[in-house]
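When the letters of the sequence shown are read in order and numbered with the working numbering, they come out as residues -9 to 128.
To keep things clear, I will list the structure first and then write my remarks on it.
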Amino acid sequence: MSHKVTPSEIGMIRIYMKPSDKATDGSRSFWTRKPLYRQLVVQAKRDGIMNAVAHHTHYGFSNHGPVMEDGAEFSNPHLTMCVELIGQRHELERFCEAHGDLLGGKVIVYKHLEHWSIGLGGVRHEDAAPEELASRAR
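Below is the structure:
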């Protein structure tokens, strides 16, 4: 049996930061606060965002800063990384508005995407026009 690709509209934001950036929760000292990228992923899960992933990089720059690289023997805490969130545009906008205190000064990029669902092919009775159902019955 063949399968069918069903596309739907969706969006993605990438939030660029340093791995050393900390979440601002006010109650803890700088050294005991959770890394910002982890806090954003946890908040995205709580807010019902479809996908949230933290990507570390090896070489690059962000927000017009200097080019940096990851060392062979040690990790560079100032090298750019990003948190990628995938969901409906209105959900991503709501996330940014709700967590603006964490996102201030960060480079945030939105991109329009298609989400593909793979399912069994064929015509579903509830989606088909009457002529299509009649032609398949012959």
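Think of the CB as a built atom: it goes at the ideal place given N, C-alpha and C, for glycine as much as any other residue.
Please classify phenylalanine 111: does DSSP put it in a helix, a strand, or coil? Here residue 111 refers to the residue found at position 121 of the sequence shown. One point to set straight first is that residue 111 is glycine, not phenylalanine, in the sequence displayed. Reduced to three states, the DSSP call for glycine 111 is coil.
Counting along the chain, where does the alpha helix (DSSP H) carrying lysine -6 start and finish? Counting from one through the sequence shown, the residue named residue -6 turns up at place 4. Unbroken run through lysine -6 is the beta strand (DSSP E), -7 to 7; no alpha helix (DSSP H).
Within its chain, find whatever has a CB closer than 8 Å to the CB of glycine 109; leave out the 5 residues flanking it on each side and keep chain order. Numbered from 1 along the sequence shown, position 119 holds the residue referred to as residue 109. For glycine 109, where only same-chain residues beyond five positions count, the Cβ hits under 8 Å are His(-7), Lys(-6), Thr(-4).
If you draw a straight line from the C-alpha of leucine 92 to the C-alpha of glutamate 83, how long is it? Stepping through the sequence shown from its first residue, residue 92 is reached at position 102. Stepping through the sequence shown from its first residue, residue 83 is reached at position 93. Approximately 14 Å between the Cα atoms of the pair.
Mind checking whether valine 73 and leucine 30 have CB atoms under 8 Å apart? Taking the sequence shown and counting its residues from 1, the one referred to as residue 73 is at position 83. Taking the sequence shown and counting its residues from 1, the one referred to as residue 30 is at position 40. Yes, they are a contact pair.
Minimum C-alpha distance to tyrosine 49 - residue among Asn41, Thr70, Gly55, Asp37: As a position in the sequence shown, residue 49 is number 59, starting the count at 1. Measuring from the Cα of tyrosine 49, the nearest candidate turns out to be Thr70.
Under 8 Å between the Cβ atoms of leucine 26 and aspartate 11? Residue numbering aside, residue 26 sits at position 36 when the sequence shown is read from its first letter. Residue numbering aside, residue 11 sits at position 21 when the sequence shown is read from its first letter. Contact: yes.
Which class does histidine 89 belong to by DSSP, given the choice of helix, strand or coil? What you label residue 89 is simply residue 99 of the sequence shown in a count that begins at 1. The answer is coil: DSSP assigns histidine 89 none of H, G, I, E or B.
Cutoff 7 Å; reference proline 67; Cβ partners in own chain excluding five residues on either side: Taking the sequence shown and counting its residues from 1, one reaches residue 67 at position 77. Excluding residues within five positions, the ones whose Cβ falls inside 7 Å are Lys8, Pro9, Ser10.
What residue does the alpha helix (DSSP H) around leucine 30 start on, and which one ends it? Here residue 30 refers to the residue found at position 40 of the sequence shown. Its alpha helix (DSSP H) spans residues 26 to 36.
Can you tell me the Cα-Cα spacing of valine 97 and valine 32, whole angstroms? As a working mapping, residue 97 is identified with position 107 in the sequence shown. As a working mapping, residue 32 is identified with position 42 in the sequence shown. If I take the Cα positions, the gap works out to 20 Å.
Output yes or no for whether 8 Å exceeds the beta carbon distance between lysine 24 and alanine 13. Here residue 24 refers to the residue found at position 34 when the sequence shown is read from its first residue. Here residue 13 refers to the residue found at position 23 when the sequence shown is read from its first residue. Yes, they are a contact pair.
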